[in-house]
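Heads up, the sequence shown is in the UniProt record's numbering, so the first residue is 12 and it goes up one at a time. Working notes, beginning with the structure itself.
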Amino acid sequence: KGQDLRGFVHYPGWLTAPEQAALVADLRAVVAQAPLFSPMTPYGRPMSVRMTSAGRFGWVSDRRGYRYSETHPEGMAWPAIPQSVLDIWQAVAGSARAPECCLINFYGENAKMGMHQDRDEADFAEPVVSISLGDDGLFRIGNETRGGRTQSLWLRSGDVMVMGGTARPLYHGIDRIAPGTSPLLPQGGRINLTLRVAT
Ligand code: MD3
Ligand code: FE
């Protein structure tokens, strides 16, 4: 079922509409405990994407830099990863370990994420699983260094992607959101969940 592009396996429409709605309800409970925040880039400008996390570790960024943290910027522990999300990891990750971090990215209609590498995880053999909900997002995959040819792919609500070993070092980002393309979130926007083993 999955489509393999250079170590990324894309599962379009993996989640049914009722499964997507149940996930959104579970994520609302997470956000009620651990509010979304706008991480600061090292340049001192807030990112356009708002974030929070669930699991033992969450991803934070401030003037000390980017890192995994056991606490939200407001000081509390992160909520547990919802079972509905763990079930997706179990079905697609092919990993013996459980995810330690579920990063929740919220994109409003003008949000984007510049090309970057994810290199804060200790074990690059572990996959990253990405789940898309809400409006379509234009995902771009590049190379192990900046520049060069890139490939673009629309990620739609209910899609799941697994980034295996060979994909882990590649630059990637979200160029833009297509507002109004999904009825899932009444206020619009896109949610992306990334599940990772951090340690
Ligand atoms: C390729 N998120 O949170 S998910 C991120 O849609 C991030 O919010 C994007 O990049 C989003 O770091 C893209 C797809 C993804 C996630 C992790 C990767 C692609 C990846 C790690 C390595 C290579
Ligand atoms: Fe990333």
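A virtual CB, placed ideally from N, CA and C, is assigned to each residue, including glycine.
Report yes if the C-beta of L195 is less than 7 angstroms from at least one heavy atom of the ligand MD3; otherwise report no. For this step, residue 195 is matched to residue 184 along the sequence shown. No, the beta carbon of L195 sits no closer than 7 angstroms to any heavy atom of the ligand MD3.
Per DSSP, cross-strand counterpart(s) of M87: Within the sequence shown, residue 87 is the residue found at index 76, counting from 1. Beta-bridge pairing links M87 to no other residue.
Mind listing, in chain order, the residues whose beta carbon lies closer than 6 angstroms to a non-hydrogen atom of the ligand FE? H127, D129, H183
Check this for me: beta carbons of R108 and G148, under 8 angstroms apart or not? Translated into the one-based positions of the sequence shown, residue 108 becomes position 97. Translated into the one-based positions of the sequence shown, residue 148 becomes position 137. Not a contact, by the Cβ cut-off of 8 angstroms.
Is it the case that the stretch 43-62 contacts the stretch 165-179, given that we only count it when at least three CB pairs across the two stretches are under 8 angstroms? no
So, do the stretch 97-115 and the stretch 124-140 have three or more beta carbon pairs nearer to each other than 8 angstroms? yes
Cutting at 8 angstroms between CB atoms, please list the residues of its own chain near D146, excluding the five before and the five after it. As a working mapping, residue 146 is identified with position 135 in the sequence shown. Y118, E120, S168, I188, A189, P190, G191, T192, S193, L196, G199, G200, R201.
In three-state DSSP terms, what is W165? The residue labelled residue 165 in the question sits at position 154 within the sequence shown. Looking at W165 - three-state DSSP - the assignment turns out to be strand.
Confirm, please, whether the CB-CB distance from I115 to C174 is below 8 angstroms. Indexing the sequence shown from 1 puts residue 174 at position 163. Indexing the sequence shown from 1 puts residue 115 at position 104. Checking the sequence shown, residue 174 turns out to be Met, not Cys. No.
Which full runs of the beta strand (DSSP E) of 3+ residues lie inside the UniProt domain "Fe2OG dioxygenase" (109-210), going along the chain? 112-118, 124-127, 139-145, 147-152, 162-166, 171-174, 183-189, 201-207
Check whether the Cβ of V139 sits closer than 7 angstroms to any heavy atom of the ligand MD3, and report yes or no. On the sequence shown, residue 139 is found 128 positions in, with the first residue counted as 1. Within the cutoff, so yes.
Where do the N-terminal and C-terminal ends of the beta strand (DSSP E) with R78 fall, by residue? Taking the sequence shown and counting its residues from 1, the one referred to as residue 78 is at position 67. 76-80 is the extent of the beta strand (DSSP E) around R78.
What are the residues that DSSP puts in a beta bridge with S60? By one-based count along the sequence shown, residue 60 stands at place 49. The identity of residue 60 in the sequence shown is Val, whereas the question assumes Ser. Its beta-bridge partners do not exist; DSSP assigns none.
Could you tell me which residues DSSP pairs with G69 in its beta bridges? Working through the sequence shown from its first residue, we reach residue 69 at position 58. Answer by DSSP bridge pairing, in chain order: S80.
Skipping 5 residues on each side, what residues in its chain have a beta carbon closer than 6 angstroms to that of H47? Residue 47 sits at position 36 when you count from the first residue of the sequence shown. Strictly speaking, residue 47 in this sequence is Leu, with His absent from that position. So the qualifying residues of the chain are R61, T63, F117.
Can you tell me whether N121 sits near the ligand NAP, meaning its C-beta is under 7 angstroms from at least one heavy atom of the ligand? With respect to the ligand NAP, the structure offers nothing, as its ligand set consists of the ligand MD3 and the ligand FE.
If contacts are defined as beta-carbon pairs under 8 angstroms, then W89 and Y79 qualify, I think. What distance do you get, rounded to the angstrom? To locate residue 89, count along the sequence shown from 1; it is residue 78. To locate residue 79, count along the sequence shown from 1; it is residue 68. No, W89 and Y79 are not in contact; Cβ-Cβ is about 10 angstroms, not under 8 angstroms.
In angstroms, rounded to a whole number, what distance separates the CA positions of R207 and A65? On the sequence shown, position 196 is the one that residue 207 refers to. On the sequence shown, position 54 is the one that residue 65 refers to. Computed Cα separation, rounded: 11 angstroms.
The alpha helix (DSSP H) enclosing A107, as first and last residue numbers: The residue given as residue 107 occupies position 96 in the sequence shown. Careful: A107 lies outside any alpha helix (DSSP H) and carries neither H nor E.
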